[in-house]
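Enquirer:
There are 4 protein chains.
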Amino acid sequence: MGEKSEQKKQFILETARKVFTEKGYKSVTMKDIVDACEISRGGLYLYFDSTEQLFMEVLKMEQADTDDTLEDALSKEATVTDILALFLKEQKKEILRGTNNLSIATYEFFFSKKFPKKENIARKKFELGVKLLSEMIDAGVANGEFFCEDSVAVGKNIMFVIEGLKVAARTIGVSEKTVDEQLLYMIQGLVYEEEE
Amino acid sequence: MGEKSEQKKQFILETARKVFTEKGYKSVTMKDIVDACEISRGGLYLYFDSTEQLFMEVLKMEQADTDDTLEDALSKEATVTDILALFLKEQKKEILRGTNNLSIATYEFFFSKKFPKKENIARKKFELGVKLLSEMIDAGVANGEFFCEDSVAVGKNIMFVIEGLKVAARTIGVSEKTVDEQLLYMIQGLVYEEEE
Amino acid sequence: MGEKSEQKKQFILETARKVFTEKGYKSVTMKDIVDACEISRGGLYLYFDSTEQLFMEVLKMEQADTDDTLEDALSKEATVTDILALFLKEQKKEILRGTNNLSIATYEFFFSKKFPKKENIARKKFELGVKLLSEMIDAGVANGEFFCEDSVAVGKNIMFVIEGLKVAARTIGVSEKTVDEQLLYMIQGLVYEEEE
Amino acid sequence: MGEKSEQKKQFILETARKVFTEKGYKSVTMKDIVDACEISRGGLYLYFDSTEQLFMEVLKMEQADTDDTLEDALSKEATVTDILALFLKEQKKEILRGTNNLSIATYEFFFSKKFPKKENIARKKFELGVKLLSEMIDAGVANGEFFCEDSVAVGKNIMFVIEGLKVAARTIGVSEKTVDEQLLYMIQGLVYEEEE
DNA sequence: CATGAATGAGAGTTCATTCAT
DNA sequence: GATGAATGAACTCTCATTCAT
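Residue numbers (the numbering used here), protein chains in the order written: chain A, 24 to 219; chain B, 24 to 219; chain C, 24 to 219; chain D, 24 to 219.
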């Protein structure tokens with residue numbers, strides 16, 4: 024597969040991502056994908072052996088993108104609060120960008136396949152989020168910005184709220200105000216002591 | 024439809040609930056349902072016009088059950104902390120009882136159908152949870168058990184964590200320890216002042 | 024599956040047999056079968072899970088039919104030469120009845136699937152033919168009708184000629200005269216001594 | 024087409040022959056051929072207009088090879104029994120060399136296409152075999168080596184056994200011992216008188 | 001009321017063949 | 001000459017829904 028093919032593969036992945044974002048995992052058919060990509064039925068199979076493989080590669084791409092964004096953020100000089108704010112801002116964007124949120128598709132996928140839960144990508148993504156958050160919190164505690172007794176538990180708590188918000192955004196709807204309110208509430212929990 | 028028929032309809036709903044719980048919404052076929060119910064394919068259509076309607080009635084039943092449980096709880100004499108603890112205990116049970124948790128199916132359903140978000144049952148359930156929590160918190164604040172500035176925001180926060188935990192339980196796995204830790208953490212946020 | 028269904032299954036098997044007879048194994052599609060049976064695409068799958076299974080059941084039916092014919096023949100009083108003549112007459116019919124000869128389909132099938140050769144039905148059929156022939160020859164030798172030193176080898180020889188004729192009938196064509204000539208030649212080989 | 028192209032065409036034919044030998048006719052895909060030849064998909068079409076034409080040219084090549092072998096054999100001084108033994112030895116090799124036996128593919132091919140049977144190559148090959156055998160038998164009768172009343176019928180008989188053995192070798196399996204036994208049995212039929 | 005055989009649209013997938021490069 | 005990405009018709013198989021019994 025030459026360079027040109029690689030571009031097309033990337034194009035298909037990005038287009039498929041939109042489709043999965045809009046329709047979830049189980050409801051997406053090959054026709055949806057080939058129509059969106061404006062390629063032939065057979066053409067898709069030149070790049071991906073099955074719908075399952077296609078979805079997994081979309082997830083991998085997603086992960087790589089997130090990793091890049093995180094690396095960028097961490098390479099800049101900033102206070103812990105700033106970085107945490109940046110992280111939450113990114114999450115907020117993802118929550119609200121209804122048409123750009125793969126969470127439902129990901130849940131469906133990892134639910135329908137009987138993958139060992141320990142190895143799945145969604146779990147890795149969650150754990151990475153927890154790790155980042157707890158490290159930020161620890162740093163914040165170290166320099167006096169935050170107060171927190173168990174940074175991992177708090178990291179998990181924030182991630183669970185974010186997951187809850189993402190799912191809610193795609194199913195029952197959630198306003199920007201609610202997202203702001205929730206994220207702010209969680210930061211306040213950390214800096215609480217100082218505010219008193 | 025006579026009394027006997029009503030019983031059969033109820034039986035189908037309860038059996039279907041188990042199936043949706045196990046397999047989600049999109050993956051469930053009529054065969055799954057009729058096999059589980061041990062009725063004929065055609066028989067199912069005497070009671071429900073389509074799979075979609077069947078699922079919606081399962082959700083309605085679910086809602087009714089929850090309402091009953093809540094009514095029971097509220098009719099007894101108890102401190103606010105007790106009631107809140109009971110509520111969270113119920114939620115914990117639902118989170119961990121992997122095979123008894125309709126959340127994934129519900130997400131899939133409300134995601135695949137283009138229902139107006141305001142009217143959907145999942146939203147109503149969420150809002151009811153928020154209402155209950157905020158009322159409990161308000162009551163707790165009134166009698167000095169809790170400290171809280173915005174009970175609705177906190178109620179939402181707890182509900183988002185619970186939603187996040189439910190989804191996580193079905194997709195990436197979550198330990199009982201983590202559930203306990205998270206629920207405890209949220210209660211501590213409320214009673215925080217007193218602990219200092 | 025009730026009695027009526029059993030009849031339909033039988034009807035599909037017989038119709039499929041004709042199709043396989045006409046077109047071989049690999050070239051036959053489900054569409055060919057459902058068109059010939061005048062049933063729906065899905066209807067076929069109520070009775071058979073795949074083309075492979077369908078063909079195997081056709082073969083089983085074929086075998087059962089042959090067994091019946093053989094049993095009939097052996098239950099009647101007759102000289103060995105008569106029975107042998109009957110057997111060869113049956114074979115001749117099968118060879119020449121171009122549109123009623125599954126051999127090519129059977130060859131294709133057992134060639135394309137990597138079944139252990141020892142267990143395949145075609146082999147069993149061949150071995151049964153050899154056994155029948157050698158028993159007839161032995162009986163003929165015992166009562167002085169035939170002369171033969173190695174009845175199994177001769178039985179195999181006759182079966183190989185029959186197989187060769189069957190294949191030839193479906194591919195390069197073979198006249199009735201040639202079939203008669205060949206079968207006669209083989210019987211003469213057995214009774215040779217007496218003719219001298 | 025230059026000399027170089029001619030070589031490539033020859034190479035493709037020989038490689039394709041191996042593939043058809045292994046997999047039959049209908050099961051072979053263009054991918055199988057181009058992979059085996061290590062050429063491009065389009066490249067194949069520079070030399071052959073379709074898979075059908077490719078197979079027919081493989082058969083033609085096969086025929087030419089056989090002709091050469093026969094010419095070689097007949098150009099040498101030898102007794103008729105020697106030549107017959109050589110012919111049968113060649114046939115035995117072809118029967119047992121499972122992976123070098125085009126018979127199944129040939130049967131499939133001439134069966135699936137609706138060629139007039141009189142003109143097909145497989146028939147020509149069979150008829151050539153019969154002609155060669157009957158000529159050898161006639162010569163053997165002339166010089167007293169053999170006894171035979173109808174050399175053409177016997178020639179056909181030997182060819183039918185050989186065809187039967189070839190098919191059996193690829194489908195139900197046949198041991199070298201059986202092949203030897205069968206070929207010997209047929210020669211003994213010819214020299215029978217002398218043995219008495 | 002209840003059955004389950006039957007339907008047919010549509011899903012995923014394969015592959016001979018073409019054609020711009 | 002040679003490539004291999006692209007096509008699209010045709011394949012196998014599934015399943016919600018219907019309807020004669």
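Ideal Cβ positions, reconstructed from N, Cα and C, are used throughout, including at glycine.
Because the structure is a prediction, the values reported are computed rather than measured.
(1) Does the Cβ of Phe193 of chain A have 16 or more other Cβ atoms within 10 Å, making it buried, or fewer, making it exposed?
(2) Are any of the Cβ atoms in chain B nearer than 8 Å to that of Leu188 of chain A?
(3) Here's the rule: buried if 16 or more other CB atoms are within 10 angstroms of the residue's CB, otherwise exposed. What is Ser157 of chain D?
(4) Please list, in chain order, all residues of the same chain as Met209 of chain A whose beta carbon is under 6 Å from its beta carbon, the five residues on each side excluded.
(5) How would you list, in chain order, the residues of chain D whose beta-carbon sits under 8 Å from the beta-carbon of Thr38 of chain C?
(6) Quick one, are the C-beta atoms of Gly187 of chain B and Phe132 of chain A less than 8 Å apart?
(7) Using only CA atoms, which one of C:Leu107, C:Lys31, C:Glu150, C:Leu111 lies nearest to Glu61 of chain C?
(8) Starting from Glu172 of chain A, trace the alpha helix (DSSP H) both ways and give me its first and last residue.
(9) In or out: Phe78 of chain C buried (at least 16 other Cβ within 10 Å) or exposed?
(10) Using alpha carbons as the reference points, say which of A:Gly163, A:Arg40, A:Gly47, A:Glu29 lies closest to Ile127 of chain A.
(11) Within the same chain, show all residues whose beta-carbon is closer than 8 Å to that of Arg64 of chain A, passing over the 5 residues directly before and after it, in chain order.
(12) Give the interface partners of Arg146 of chain D over in chain C, defined as CB-CB distance under 9 Å, in chain order.
(13) The alpha helix (DSSP H) with Tyr70 of chain D in it runs from where to where?
(14) Following the continuous alpha helix (DSSP H) through Glu117 of chain B, name the residue where it begins and the one where it ends.
(15) Expressed to the nearest angstrom, what Euclidean distance is found between the alpha-carbon atoms of Val190 of chain C and Gly196 of chain C?
(16) Taking Thr201 of chain D as the query, report the chain C residues whose CB atoms sit under 7 Å from its CB, ordered along the chain.
(17) DSSP three-state label for Asn180 of chain B, please.
(18) Please list the partners that Glu85 of chain C has in chain D, where partner means a Cβ-to-Cβ separation under 8 Å.
(19) Is the CB of Val184 of chain B under 8 Å away from at least one CB in chain A?
(20) Who are the near neighbours of Ile118 of chain C in its chain, counting only those whose CB is closer than 8 Å to its CB and skipping five residues on each side?
(21) By a C-beta neighbour count over all protein chains shown, 10 Å radius and 16 as the cutoff for buried, is Tyr68 of chain D buried or exposed?
(22) Would you decide whether Ser73 of chain C is buried or exposed? Buried here means 16 or more other CB atoms lie within 10 Å of its CB.
(23) Hey, could you find the ends of the alpha helix (DSSP H) Glu131 of chain C is sitting in?
(24) Quick one: is Glu117 of chain C near chain D, going by C-beta distance under 8 Å?
(25) Shortest alpha-carbon distance to Gln205 of chain D belongs to which of D:Asp161, D:Tyr70, D:Gln114?
(26) Name, please, each residue of chain C whose Cβ falls closer than 7 Å to the Cβ of Asn143 of chain D.
(27) At a threshold of 7 Å, does Asn180 of chain C count as lining the ligand NAD (C-beta to nearest heavy atom)?
(28) Rank C:Glu150, C:Leu155, C:Asp173, C:Glu85 by C-alpha distance to the C-alpha of Ile106 of chain C and give the top, closest one.
(29) I'd like to know whether the C-beta atoms of Phe170 of chain C and Leu111 of chain C end up nearer to each other than 8 Å.
(30) Measure the C-alpha to C-alpha separation of Ala108 of chain B and Arg146 of chain A and round it to an integer number of angstroms.
(31) For the alpha helix (DSSP H) that Val57 of chain D lies in, which residues bound it at each end?
(32) When DSSP labels each residue in this structure, what does Lys31 of chain C get in the three-state scheme?
(33) Let me check understanding here. Comparing Cα to Cα, which of C:Glu29, C:Phe43, C:Gln33 lies closest to Phe134 of chain D?
(34) Using C-beta distances below 6 Å, list every residue in its chain close to Glu37 of chain C, excluding the 5 sequence neighbours before and after it, in chain order.
(35) On the three-state DSSP scale, how would you describe Gly163 of chain D?
(36) List, in chain order, every chain A residue whose beta-carbon is nearer than 8 Å to that of Gln205 of chain B.
Expert: Let's see:
(1) Translated into positions along the first sequence, residue 193 of chain A becomes position 170. The displayed chain sequence assigns Arg, not Phe, to residue 193 of chain A. When all chains shown are included, Arg193 of chain A counts as buried.
(2) What you label residue 188 of chain A is simply residue 165 of the first sequence in a count that begins at 1. For Leu188 of chain A, the answer is yes, since a Cβ of chain B falls inside 8 Å of its Cβ.
(3) Locating residue 157 of chain D in the fourth sequence gives position 134, counting from the first residue. With 16 or more other Cβ atoms within 10 Å, it is buried.
(4) Here residue 209 of chain A corresponds to residue number 186 of the first sequence, with the count starting at 1. Here the set comprises Ile181.
(5) The residue given as residue 38 of chain C occupies position 15 in the third sequence. By Cβ distance, chain D contributes nothing, its closest Cβ being about 20 Å from Thr38 of chain C, past 8 Å.
(6) Start at 1 with the first residue of the second sequence, and residue 187 of chain B comes out as number 164. Start at 1 with the first residue of the first sequence, and residue 132 of chain A comes out as number 109. Taking 8 Å as the Cβ cut-off, Gly187 of chain B and Phe132 of chain A do not qualify as a contacting pair.
(7) Working through the third sequence from its first residue, we reach residue 61 of chain C at position 38. If we check each option's Cα against that of Glu61 of chain C, C:Lys31 comes out closest.
(8) As a first step, residue 172 of chain A must be located in the first sequence, where it is residue number 149. It is not in any alpha helix (DSSP H) - Glu172 of chain A carries neither H nor E in the DSSP assignment.
(9) Your numbering for residue 78 of chain C matches position 55 in the third sequence. Phe78 of chain C comes out buried.
(10) In the first sequence, the residue the question calls residue 127 of chain A occupies position 104. Closest option to Ile127 of chain A, Cα to Cα, is A:Gly47.
(11) Counting from one through the first sequence, the residue named residue 64 of chain A turns up at place 41. Within the same chain, Arg64 of chain A has close Cβ partners Met53, Lys54, Val57.
(12) Within the fourth sequence, numbered from 1, the residue matching residue 146 of chain D stands at position 123. Going along chain C in sequence order, the residues near Arg146 of chain D (Cβ under 9 Å) are Ala191, Thr194, Ile195, Gly196.
(13) Taking the fourth sequence and counting its residues from 1, the one referred to as residue 70 of chain D is at position 47. Note, Tyr70 of chain D: alpha helix (DSSP H), 64 to 70.
(14) The residue labelled residue 117 of chain B in the question sits at position 94 within the second sequence. First-last of the alpha helix (DSSP H) with Glu117 of chain B: 103 to 119.
(15) Taking the first residue of the third sequence as 1, we reach residue 190 of chain C at position 167. Taking the first residue of the third sequence as 1, we reach residue 196 of chain C at position 173. Cα-Cα distance, rounded: 9 Å.
(16) The residue labelled residue 201 of chain D in the question sits at position 178 within the fourth sequence. Ordered by position in chain C, the residues that pass the 7 Å Cβ test against Thr201 of chain D are Lys179.
(17) For the purposes of this step, residue 180 of chain B is identified with residue 157 of the second sequence, where counting begins at 1. Helix.
(18) Here residue 85 of chain C is taken as the residue at index 62 of the third sequence, counted from 1. Chain D residues near Glu85 of chain C: none, gap ~15 Å exceeds 8 Å.
(19) In the second sequence, residue 184 of chain B corresponds to position 161, counting from 1. True, the Cβ-Cβ gap to chain A drops below 8 Å.
(20) Numbered from its first residue, the third sequence carries residue 118 of chain C at position 95. Closer than 8 Å at the Cβ level, and outside the excluded window around Ile118 of chain C, lie Asn124, Ile185, Leu188, Lys189, Ala192, Val197, Val202.
(21) By 1-based counting over the fourth sequence, the position of residue 68 of chain D is 45. By the 10 Å Cβ count, Tyr68 of chain D comes out exposed.
(22) Residue numbering aside, residue 73 of chain C sits at position 50 when the third sequence is read from its first letter. Answer is exposed; the Cβ neighbour count stays below 16.
(23) Sequence index remark: in the third sequence, residue 131 of chain C carries index 108 (1-based). Where Glu131 of chain C is concerned, the enclosing alpha helix (DSSP H) stretches over 126 to 135.
(24) In the third sequence, counting from the first residue as 1, residue 117 of chain C sits at position 94. Glu117 of chain C does not count as touching chain D.
(25) The sequence position of residue 205 of chain D within the fourth sequence is 182, counting from 1. When only C-alpha atoms are compared, the closest one is D:Gln114.
(26) Translated into the one-based positions of the fourth sequence, residue 143 of chain D becomes position 120. Residues of chain C passing the Cβ test: Ile195.
(27) As presented, the structure is devoid of all ligands, the ligand NAD included, so that no description of it is given.
(28) As a working mapping, residue 106 of chain C is identified with position 83 in the third sequence. Nearest C-alpha to Ile106 of chain C: C:Leu155.
(29) Here the question's residue 170 of chain C lines up with position 147 in the third sequence. Here the question's residue 111 of chain C lines up with position 88 in the third sequence. No, Cβ-Cβ distance for Phe170 of chain C and Leu111 of chain C is not below 8 Å.
(30) If you number the second sequence from 1, residue 108 of chain B lands on position 85. If you number the first sequence from 1, residue 146 of chain A lands on position 123. Using only the alpha carbons, I get a separation of about 29 Å.
(31) Numbered from its first residue, the fourth sequence carries residue 57 of chain D at position 34. Per DSSP, Val57 of chain D belongs to the alpha helix (DSSP H) from 53 to 60.
(32) Here the question's residue 31 of chain C lines up with position 8 in the third sequence. Lys31 of chain C: helix per DSSP, three-state reduction.
(33) Walking along the fourth sequence from the start, residue 134 of chain D turns up at place 111. Checking every option, the nearest Cα to that of Phe134 of chain D belongs to C:Phe43.
(34) Translated into the one-based positions of the third sequence, residue 37 of chain C becomes position 14. Around Glu37 of chain C: no qualifying Cβ.
(35) In the fourth sequence, residue 163 of chain D corresponds to position 140, counting from 1. Of the three classes helix, strand and coil, the one that applies to Gly163 of chain D here is helix, per DSSP.
(36) Working through the second sequence from its first residue, we reach residue 205 of chain B at position 182. Correct list: Ala176, Lys179, Asn180, Phe183.
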